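One line per chain: the protein sequences are A and B, in this order.
1 is the number of the first residue of the first sequence in UniProt numbering; add one for each residue after it.
1 is the number of the first residue of the second sequence in UniProt numbering; add one for each residue after it.
Data block below; observations after.
Number of protein chains: 2
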Amino acid sequence: MNHLRVPPMTREALIESLKPLLEPGKLLTDADSLDAYGKDWTKHFAPAPLAIAFPKSIEQVQAVVRWANEHKVGLVPSGGRTGLSAAAVAANGEVVVSFDYMNKILDFNAFDRTVVCQPGVVTKQLQLFAEEQGLYYPVDFASSGSSQIGGNIGTNAGGIKVIRYGMTRNWVAGMKVVTGKGDLLELNKDLIKNATGYDLRQLFIGAEGTLGFVVEATMRLERTPKNLTAMVLGTPDFDSIMPVLHAFQGKLDLTAFEFFSDKALAKVLARGDVPAAFETDCPFYALLEFEASTEEVANEALATFEHCVEQGWVLDGVMSQSEQQLQNLWKLREYISETISHWTPYKNDISVTVSKVPAFLKDIDAIVEANYPDFEVVWFGHIGDGNLHLNILKPENLSKDEFFAKCATVNKWVFETVQKYAGSISAEHGVGMTKRDYLGYSRSEAEIGYMKAVKAVFDPNGIMNPGKIFAE
Amino acid sequence: MNHLRVPPMTREALIESLKPLLEPGKLLTDADSLDAYGKDWTKHFAPAPLAIAFPKSIEQVQAVVRWANEHKVGLVPSGGRTGLSAAAVAANGEVVVSFDYMNKILDFNAFDRTVVCQPGVVTKQLQLFAEEQGLYYPVDFASSGSSQIGGNIGTNAGGIKVIRYGMTRNWVAGMKVVTGKGDLLELNKDLIKNATGYDLRQLFIGAEGTLGFVVEATMRLERTPKNLTAMVLGTPDFDSIMPVLHAFQGKLDLTAFEFFSDKALAKVLARGDVPAAFETDCPFYALLEFEASTEEVANEALATFEHCVEQGWVLDGVMSQSEQQLQNLWKLREYISETISHWTPYKNDISVTVSKVPAFLKDIDAIVEANYPDFEVVWFGHIGDGNLHLNILKPENLSKDEFFAKCATVNKWVFETVQKYAGSISAEHGVGMTKRDYLGYSRSEAEIGYMKAVKAVFDPNGIMNPGKIFAE
Chain A
1 MNHLRVPPMT
11 REALIESLKP
21 LLEPGKLLTD
31 ADSLDAYGKD
41 WTKHFAPAPL
51 AIAFPKSIEQ
61 VQAVVRWANE
71 HKVGLVPSGG
81 RTGLSAAAVA
91 ANGEVVVSFD
101 YMNKILDFNA
111 FDRTVVCQPG
121 VVTKQLQLFA
131 EEQGLYYPVD
141 FASSGSSQIG
151 GNIGTNAGGI
161 KVIRYGMTRN
171 WVAGMKVVTG
181 KGDLLELNKD
191 LIKNATGYDL
201 RQLFIGAEGT
211 LGFVVEATMR
221 LERTPKNLTA
231 MVLGTPDFDS
241 IMPVLHAFQG
251 KLDLTAFEFF
261 SDKALAKVLA
271 RGDVPAAFET
281 DCPFYALLEF
291 EASTEEVANE
301 ALATFEHCVE
311 QGWVLDGVMS
321 QSEQQLQNLW
331 KLREYISETI
341 SHWTPYKNDI
351 SVTVSKVPAF
361 LKDIDAIVEA
371 NYPDFEVVWF
381 GHIGDGNLHL
391 NILKPENLSK
401 DEFFAKCATV
411 NKWVFETVQK
421 YAGSISAEHG
431 VGMTKRDYLG
441 YSRSEAEIGY
451 MKAVKAVFDP
461 NGIMNPGKIF
471 AE
Chain B
1 MNHLRVPPMT
11 REALIESLKP
21 LLEPGKLLTD
31 ADSLDAYGKD
41 WTKHFAPAPL
51 AIAFPKSIEQ
61 VQAVVRWANE
71 HKVGLVPSGG
81 RTGLSAAAVA
91 ANGEVVVSFD
101 YMNKILDFNA
111 FDRTVVCQPG
121 VVTKQLQLFA
131 EEQGLYYPVD
141 FASSGSSQIG
151 GNIGTNAGGI
161 KVIRYGMTRN
171 WVAGMKVVTG
181 KGDLLELNKD
191 LIKNATGYDL
201 RQLFIGAEGT
211 LGFVVEATMR
221 LERTPKNLTA
231 MVLGTPDFDS
241 IMPVLHAFQG
251 KLDLTAFEFF
261 SDKALAKVLA
271 RGDVPAAFET
281 DCPFYALLEF
291 EASTEEVANE
301 ALATFEHCVE
311 QGWVLDGVMS
321 QSEQQLQNLW
331 KLREYISETI
341 SHWTPYKNDI
351 SVTVSKVPAF
361 LKDIDAIVEA
371 NYPDFEVVWF
381 GHIGDGNLHL
391 NILKPENLSK
401 DEFFAKCATV
411 NKWVFETVQK
421 YAGSISAEHG
431 VGMTKRDYLG
441 YSRSEAEIGY
451 MKAVKAVFDP
461 NGIMNPGKIF
471 AE
């Protein structure tokens, strides 16, 4: 990969040479735009882009990529900028390529259940479009109101329904990408079966824009789930959550299996706007969801619940009987992240295989407790797929700087524990800039070497989202 | 990619230098072994391997790969050798690496529903192992009694349940591969969520052993389907099959949706060992399958059937009421391939998106009818995923050579039609050697260029299954 040197042209000359490749007014350089479009939801890096480009066609994207190759200027793709790993941050004079004006749904095919989307289509927009067609787009997460399909693909977005529907990867029937060399590739052409060599589509999914930019994607839709029903169950300890998961998975096709700790619940209930599920205090809670498509299924769920109570794995529980109750139960889980943001949490998004979760969680708890007895740890996450969100809250009496300095030490221990359990240091948030120095905890040196060589194939000048995943 | 030159050592010296890397007796050079292990189910290429190596460990595979790099000798991976594209044929003095002695199931995890397999585990062996655990391995096809997991991954095997369960790709939780450089990579470590850079696992799946060899794989299992039930429906024309598929997909989670023509059915019924589904003669038949997990589901299926009859899309139909009836209905579809092999069929395994199937099929039919009115065309396939098996039967009065010469012309027209409909010239059989010269009908020149460059990253000396997917 080439190091990006200070370009020989002045900033002004560069901007002037870029401007004609876009429609009038579609290249912004004012301070507010540079600041707004230069960053994502992370706050670690100061945005410092050269300019913000808003292409309106695939051809314009290709022209910008060719321009970037010629002038050796980095490009940062920009969608809803809801990322949590600084993969969409432009901190080093890059040109941000925003897909805000390529935000249309171009086609729908009822037989194939496919929707052709421009990359700037917002996740929620696709979900609502699917609803209008009597269908369902199942990838869902907290930022679905802002995140865009191109970004979802770039990070292989997951969320709360992965246990049943998988990641974004599963829903990409085909896509068009512009590589770092400016080539337009039409990958997989929306086929279900296609055994004609390497599935390059898979390589671009989750590549965080470092190989090329998604400029169009055909997404699959699914039938609408029938009568979604949630249970919230309280357990006597964390270990009991695992046999509960196992028991329900043996009987039902779960659409979600989430968990949260008593501390997480207490914070949400303290808001006063969400009703408690039940009175019994428990150290841990599971939220599970399934399609109660028939009465038999609902009865099976109740029987499994009773079995779990008899076994001593569950102390108390409720099952939603209406859409309103379903939503209220989900709020107990979904409001956690927003609620605890008040305590300036140090967040980690980690995963191990499901069976290793109890031992892994105990190890991390022990580390934090032994070294920082005054730190409050809030656990929640997608336990059904092994993805844990570890949140350490800042004690009131500790300054922000001191807290983050101490967390940096915790970080190292957490990642060493992740490595010990053969886990992932980034389950669904991606690597970006925040995790790139820790990549070695999850990927071997040889793997990283091959990844860099693959990057060089598609982006020989290193202009596509430079500094993300790997250091420059 | 380097061209494989005649190596400087004699055959004998090469064999002697390879022998110590394997256990005693695990390098075969007798004529019978060379012939048996040098080919797959295709018959176009004469096998001519240098030797057959049977490694018993990952270290031995690595040693063989290092040896091959040193001596610039090609390696051909060999599993069940049931392939239909000559991807496992050694026709040019390669060393065949057979995984017959790496055929153990190494581990099982009930919580994660995962099985760690050596590459030589036979598909059926995994299916039966899953059954013993009360679980299910859903990838299934005609050759499951011989095909091996390593080969399934190399070709991303599909089969008859793709509409519900997807291809082999969906079931690989993680895998170990030895690259063309001899590196051992442990890809994805069986995680469900892992956003730490490029998912190289995906690149190796379907790569036909041209980047490296799978030496271990963790496969996911699924819950056992409940009360699988099949319907066979007769339709008045091909076009009616599509609204039938659409109607059933809107109401049920189908596990299969296959079709076959009257000609295909007639050949199977003429065997005399399979009962007819019903008396009514129809030009086309659909076989669909679903889990009749509750009576309500079965009633929904019957109501949908009645709706299809009312609409004129279905002329007659039956629904299985027992496991025996289920199996008998499946025989009508599954026996086709074996039955028509008597007529020396010219086979093509092609796909288009589902909605394009009717127009595509008519185009192909018209081409064959106009040019070869005396050729009998037998259609069948996995219509639910757009995968059609086109079989042209040899007229009795035509010699084999003449027939295949004429088919070569048909071939070109078929592929041009596939290209016109943005389809795949190999839906599930892979490219190997039989389709490599036609790759351009499904993949662009730019894509093929990138694929070759990716190959060079993992296999710089071009020793891994040379001449497959691309010409040397």
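Using N, Cα and C, we set each Cβ at its ideal position, and we do this for glycine too.
Just so we're clear, the structure is a prediction, and the values are computed from it rather than from any experiment.
May I have the straight-line CA-CA distance separating residue i from residue j, to the nearest angstrom?
i: I392(B); j: A266(B); result: 15 Å
i: M175(A); j: I205(A); result: 10 Å
i: I192(A); j: V457(B); result: 28 Å
i: K455(B); j: V178(B); result: 14 Å
i: G74(A); j: R223(A); result: 41 Å
i: A471(B); j: E291(A); result: 50 Å
i: I105(B); j: E131(B); result: 14 Å
i: H342(B); j: Y335(B); result: 12 Å
i: G83(A); j: T42(A); result: 7 Å
i: K468(B); j: G197(A); result: 10 Å
i: G159(B); j: L252(B); result: 20 Å
i: L388(B); j: P358(B); result: 11 Å
i: I52(B); j: L28(B); result: 5 Å
i: P20(A); j: K56(A); result: 13 Å
i: F248(B); j: A301(B); result: 7 Å
i: N397(B); j: F404(B); result: 13 Å
i: P225(B); j: S143(B); result: 21 Å
Residue range of the alpha helix (DSSP H) that residue i falls in?
i: M242(B); result: 241–251
i: I336(B); result: 336–340
i: E291(B); result: Taken as a continuous stretch (DSSP letters only), E291(B) belongs to no alpha helix (DSSP H), being part of the beta strand (DSSP E) at 284–291.
i: S17(A); result: 11–18
i: I163(A); result: 162–165
Evaluate residue i with the Cβ neighbour count: other Cβ atoms within 10 Å of its Cβ, from every protein chain shown; 16 or more gives buried, anything less gives exposed.
i: R113(A); result: buried
i: residue 504(B); result: Nothing can be reported for residue 504(B), as the shown portion of chain B is limited to 1 through 472.
i: P24(B); result: exposed
i: D35(A); result: exposed
i: residue 476(B); result: With chain B running from 1 to 472 in the structure shown, residue 476(B) is simply not present.
i: T10(B); result: exposed
i: D349(A); result: buried
i: K39(B); result: buried
i: L128(B); result: exposed
i: L439(B); result: buried
i: E295(B); result: exposed
i: G462(B); result: buried
i: R271(A); result: exposed
i: G79(B); result: buried
Have a look at the options and flag the residue whose alpha-carbon is nearest the alpha-carbon of residue i.
i: H44(A); options: E16(A), A86(A), L14(A), G38(A); result: A86(A)
i: K406(B); options: E131(B), N371(B), L388(B); result: N371(B)
i: A217(B); options: F278(B), G151(B), S261(B), I241(B); result: G151(B)
i: G430(B); options: D401(B), T155(B), N69(B), C117(B); result: T155(B)
i: D401(A); options: P358(A), D374(A), Y346(A), F99(A); result: Y346(A)
i: residue 478(B); options: R333(B), L50(B), W41(B); result: Any answer about residue 478(B) is impossible in this case: the structure gives chain B only from 1 up to 472.
i: D185(B); options: R201(B), V172(B), T196(B), A173(B); result: Reading off the sequence shown, one finds Leu at residue 185(B), where the question assumed Asp. Looking at the Cα atoms, R201(B) is the closest of the given residues.
i: L221(A); options: Y137(A), Q125(A), T304(A); result: Y137(A)
i: G250(A); options: H307(A), E258(A), A264(A), F259(A); result: H307(A)
i: G145(B); options: I52(B), E369(B), M242(B), V121(B); result: V121(B)
Starting from residue i, follow the beta strand (DSSP E) in both directions and report where the run begins and ends.
i: G212(A); result: 212–220
i: A422(B); result: That residue, A422(B), is in no beta strand (DSSP E); it is neither H nor E in DSSP.
i: V96(B); result: 95–98
i: M319(B); result: 316–319
i: P77(A); result: 75–78
Is the Cβ of residue i closer than 7 Å to any Cβ of chain C?
i: N194(A); result: Judged by its chain identifiers, the structure shown contains no chain C, and its protein chains are A and B.
Determine contact between the region 160–174 of chain B and the region 319–332 of chain A, defined as no fewer than three beta-carbon pairs at a distance below 8 Å. No: the two stretches stay apart, fewer than three of their Cβ pairs being nearer than 8 Å.
Three or more C-beta pairs closer than 8 Å, one from the region 85–100 of chain B and one from the region 51–65 of chain B: is that the case here? Taking a cut-off of 8 Å on C-beta distances, the region 85–100 of chain B touches the region 51–65 of chain B, as three or more cross pairs fall below it.
Would you call the region 228–245 of chain B in contact with the region 300–320 of chain B, where contact means no fewer than 3 C-beta pairs closer than 8 Å? With a cut-off of 8 Å, the region 300–320 of chain B and the region 228–245 of chain B count as touching, because enough Cβ pairs lie within range.
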